[in-house]
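Numbering (mature numbering (1 follows the signal peptide of the UniProt record, and there is no 0)), first residue to last: -29 to -1, 1 to 599.
What follows is a single structure, written as structure tokens, with notes after it.
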């Protein structure tokens, strides 16, 4: 629930100085994966690392699995970690070392998994689980300082990486007892407790986990009781912990053990009664129905719940506004006025006209495409998007919006993209509006068949996402330009990108590849579209491979032309600030994602009630992957 500015206005401008680390700082840290491969004392170098190096650990090349990420190296690190835990007295410096070890070990498992290499031995993973248990049972494990919380989060999250929840679940369940109205105020600390539920989700299909639960079904009762006793938290920023306790209990319906499944089902049935659709906390009802629909559909029918009817009722309540554009878009929204919806239509119509000029489509859709209209579902904020979109449209919500094409060959197919607003003032503030609309246009006029057809032979993600970014930003995508000095990718590698790669490679390097081809080789782009429009995706893939090899050298030279736009070593004493013209309004409890050039400035304001005695802003995050 977002509070509205009901009081006399006192604007506080928040200037977020994104003081990214300079190359000099990186050199001082000497903890990049390349540095660690050269060091003679790896544990000491990891212990002294700066969090700026975490990203390089997680995106290390597969070759590191034979060096710093080898089984022998990690086995030694496990003994080092154990010793550090034994010495731990809750000091910030100690906690920082624990976090560093935790992140390095997690990164090793992450790199090995993505490389599809032979997993680390069960014995090693079990030893790490024992280390985690020793930490979780330590008297300082759940201290609330910043560094202490970071250590707890890293080590508890490691459970999912090593897939050893059966060995750590008792200790993680015990930690839930520490949750109360005081500790709930530290949402980072609460997020550390939430790693129990991340791990439960990550252990779906894990036979050992289900055997463990079959012998410990009391945990299901404990989770249910936890949710009931902490219902007060549903009105706080810590609501996700209670929500996830019930949701992950519902996921246990997939267990092959009859007693486990029956207990989980009983909790879900009681949840449906306690939080009915239309009530204040009905997202819990949605979660229960979702779990039952996937894992116990017969039980859902026994409750007399018609899933499709429930979706229609929810959509009518959450997205009550409907506005038809002059073009193909129909806008359904939670809080857009007709005037705002009309403005959104203008944006989309202009983007469509630009699209047809850029790709020379002749306004002719590909064959067998019946998606003459596209529904644009706009939620009022990210919370509503996360709470309701998956239930209504079966999409993932750990993103900034999503295009759902369906099967364009079907006569009644409904193409749709879902989005949300990042601010609720007079401005549209619809995240990725043009990007997602470009997906619709590209699919209708450039790509034959379904999304799965498009992906069947690979070498196309760079285009799908890079082109959508290009149509959104054209020459103004500074975040992509700023990646170049960090290390150039070859055109061949960019064109081989898949959706399993990181977002920088998918979106920003994809943009750079598309922009290069558009500016330097538009005739080759036309040749590619001649292949994709009739669905010749095998030929597309082979042609793209050839183009990558043909233009690798030219692409590298082209990237160098941007160097002057991004100084390698900005002087921290004289930051170059380029404030945005607009100052963005925020509301209480709103989350925003920030990115920008080092030392750049983004301005926000928030209405604070008169006579307020406390105002808190929390800024968190780093460049490492987030596992949910």
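The beta carbon of each residue, even a glycine, is placed where N, CA and C say it ideally should be.
Identified DSSP bridge partners for residue i
i, result
"residue 387", "346, 375"
"residue 292", "304"
"residue 392", "401"
Supposed close pair residue i, residue j - CB separation, criterion 8 Å
i, j, result
"residue 512", "residue 429", "5 Å"
"residue 411", "residue 374", "6 Å"
"residue 491", "residue 433", "Not quite, the Cβ-Cβ distance comes to about 15 Å (not below 8 Å), so this is no contact."
"residue 211", "residue 165", "7 Å"
"residue 125", "residue 95", "Wrong, their Cβ atoms sit about 18 Å apart, outside the cutoff."
"residue 100", "residue 60", "Incorrect: roughly 23 Å between the Cβ atoms, too far for contact."
"residue 479", "residue 454", "5 Å"
"residue 235", "residue 224", "5 Å"
"residue 451", "residue 483", "6 Å"
"residue 486", "residue 441", "6 Å"
"residue 8", "residue 38", "6 Å"
"residue 304", "residue 320", "Not confirmed; about 17 Å, so no contact."
"residue 416", "residue 330", "7 Å"
"residue 405", "residue 347", "Not quite, the Cβ-Cβ distance comes to about 11 Å (not below 8 Å), so this is no contact."
"residue 86", "residue 36", "6 Å"
Extent of the continuous alpha helix (DSSP H) run through residue i
i, result
"residue 186", "Looking at the DSSP string, residue 186 is not in any alpha helix (DSSP H), and its letter there is neither H nor E."
"residue 171", "166 to 173"
"residue 120", "117 to 133"
"residue 11", "Here residue 11 belongs to no alpha helix (DSSP H), and DSSP marks it neither H nor E."
"residue 381", "Run containing residue 381: none; DSSP gives neither H nor E here."
"residue 323", "309 to 330"
"residue 517", "508 to 531"
"residue 335", "Run containing residue 335: none; DSSP gives neither H nor E here."
"residue 266", "254 to 266"
"residue 76", "63 to 85"
"residue 1", "Here residue 1 belongs to no alpha helix (DSSP H), and DSSP marks it neither H nor E."
"residue 636", "What is shown of the chain runs -29 to 599, which leaves residue 636 out entirely."
"residue 38", "Residue 38 -> no alpha helix (DSSP H), and no H or E assigned at all."
"residue 483", "481 to 491"
"residue 462", "462 to 466"
"residue 219", "210 to 222"
"residue 505", "From DSSP, residue 505 is part of no alpha helix (DSSP H); its letter is neither H nor E."
"residue 452", "449 to 452"
"residue 101", "93 to 107"
Buried or exposed (CB count within 10 angstroms, at least 16 for buried), residue i
i, result
"residue 219", "buried"
"residue 221", "buried"
"residue 469", "exposed"
"residue 509", "exposed"
"residue 265", "exposed"
"residue 299", "buried"
"residue 365", "exposed"
"residue 162", "buried"
"residue 342", "buried"
"residue 70", "buried"
"residue 160", "buried"
"residue 545", "Confidence is the limiting factor: at residue 545 the pLDDT is only 31, short of 50, which leaves the residue's position unreliable, though a coordinate-based value still follows. By the neighbour-count rule (16 or more Cβ atoms within 10 Å), residue 545 is not buried but exposed."
"residue 65", "buried"
"residue 103", "buried"
"residue 233", "exposed"
"residue 247", "exposed"
"residue 309", "exposed"
"residue 230", "exposed"
"residue 108", "exposed"
"residue 505", "exposed"
"residue 445", "exposed"
"residue 268", "exposed"
"residue 256", "buried"
"residue 145", "exposed"
"residue 383", "exposed"
"residue -7", "Because residue -7 sits at a pLDDT of 33, beneath the cut-off of 50, its placement in the model cannot be relied upon, and the following sentence gives the value as read from the coordinates. When all chains shown are included, residue -7 counts as exposed."
"residue 601", "Nothing about residue 601 can be reported from this structure: the residues present for the chain run from -29 to 599 only."
"residue 28", "buried"
CB contact below 8 Å: residue i versus chain B
i, result
"residue 66", "Judged by its chain identifiers, the structure shown contains no chain B, having just a single protein chain."
Is the segment 454 to 473 in contact with the segment 505 to 522, if contact means three or more CB pairs nearer than 8 Å?
yes
Can you find at least 3 beta carbon pairs, one from the segment 202 to 216 and one from the segment 164 to 178, that sit closer than 8 Å?
yes
At least three beta-carbon pairs within less than 8 Å, the segment 243 to 254 to the segment 328 to 338
no
Stretch pair the segment 229 to 241 + the segment 275 to 287: three plus CB contacts closer than 8 Å
no
Check whether the segment 174 to 185 touches the segment 149 to 159, taking contact to mean three or more Cβ pairs, one atom from each stretch, closer than 8 Å.
no
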